[in-house]
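Letter 30 of the sequence shown, counting from 1, is numbered 231 in this note's numbering, and no numbers are missing. Scroll down for the structure; my scribbles are underneath it.
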Amino acid sequence: MRAAAWLVGTVGLLSSVARADVLQAGPGGFAVQHRVMVSLGPDKAWLRLTRVQDWWDPQHTYSGASKNLSLRLSPGGCFCEKLAPGGFVKHLEVVMVRPQEQLRLEGALGPLQELGASGALTFDLAAKDGATEVTLTYRVSGCPRVRHRRRRRRRRGIARPSRRSPPPARSRPEERRPGSRAPAA
202 MRAAAWLVGT
212 VGLLSSVARA
222 DVLQAGPGGF
232 AVQHRVMVSL
242 GPDKAWLRLT
252 RVQDWWDPQH
262 TYSGASKNLS
272 LRLSPGGCFC
282 EKLAPGGFVK
292 HLEVVMVRPQ
302 EQLRLEGALG
312 PLQELGASGA
322 LTFDLAAKDG
332 ATEVTLTYRV
342 SGCPRVRHRR
352 RRRRRRGIAR
362 PSRRSPPPAR
372 SRPEERRPGS
382 RAPAA
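Laid out in structure tokens, this is it:
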């Protein structure tokens, strides 16, 4: 859930007038939706949106600098971050571009990457009275962080005895419990 708040805070940089909703939250994932009105037409709002290095919060980068971010708008394009020396992070992959209308990326942001989660981040743009409403929807699903049990160690190749002892074998009639029947012959 922290990742959802992180994403909503980052996109909030687009405008000071914003509203965010958690659409769904559970152990297997979450969905958030965030709406902002920007005082730009759809063409300029689109350009601003696609220049992530200009508006992404540097505190939400691995490198600490938004200038290291890039977004390539092509099939399979990368929302990537350069890391020193010679490293990188692939944050998301571009899967749909409808200029001035919709941008969709797939992947897991930040701490979600190590969880094996997958997500779809969609930006929808709609013209409204000379401004543009940008709606972000991020749906994430995947395995939550799991605590692993420690395995018992074997000492010198010998397994530790079980806590429960097996029941004693009762094969002779004199060892049968009182009141029990003898086996059929």
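All residues carry an ideal CB built from backbone N, CA and C; glycine is no exception. Computed from a predicted structure; not experimentally measured.
Residue i, DSSP secondary structure in three states
i           : result
residue 407 : The chain is shown only over 202 to 386; residue 407 falls outside these bounds and no answer can be derived.
residue 273 : coil
residue 252 : coil
residue 240 : coil
residue 221 : strand
residue 246 : helix
residue 301 : coil
residue 342 : strand
residue 310 : coil
residue 213 : Caution applies to residue 213, whose pLDDT of 46 falls short of 50 and renders its modelled position unreliable; the value that the coordinates give is listed next. Three-state result, residue 213: helix.
Environment of residue i [buried if 16+ CB atoms lie within 10 Å]
i           : result
residue 295 : buried
residue 315 : exposed
residue 318 : buried
residue 285 : exposed
residue 243 : buried
residue 313 : buried
residue 226 : exposed
residue 269 : buried
residue 320 : buried
residue 272 : buried
7 angstroms Cβ cutoff met for residue i and residue j
i           : j           : result
residue 298 : residue 230 : no
residue 308 : residue 293 : yes
residue 339 : residue 322 : yes
residue 306 : residue 280 : yes
Interface flag, residue i vs chain D, CB-CB below 7 angstroms
i           : result
residue 299 : The structure shown contains no chain D; it holds only a single protein chain.
Beta-carbon separation (whole angstroms), residue i vs residue j, contact threshold 8 angstroms
i           : j           : result
residue 241 : residue 232 : In fact, because the Cβ distance is near 27 angstroms, the residues do not count as touching under 8 angstroms.
residue 290 : residue 302 : Not quite, the Cβ-Cβ distance comes to about 28 angstroms (not below 8 angstroms), so this is no contact.
residue 275 : residue 254 : Actually they are not in contact, since the Cβ atoms of residue 275 and residue 254 sit about 17 angstroms apart, beyond 8 angstroms.
- prompt: Are the segment 256–268 and the segment 224–242 touching by the rule of at least three beta carbon pairs closer than 8 angstroms?
  reply: Between the segment 256–268 and the segment 224–242 there are fewer than three inter-stretch CB-CB distances shorter than 8 angstroms, so the stretches are not counted as touching.
field: At least 3 beta-carbon pairs within less than 8 angstroms: the segment 332–340 vs the segment 240–259
entry: yes
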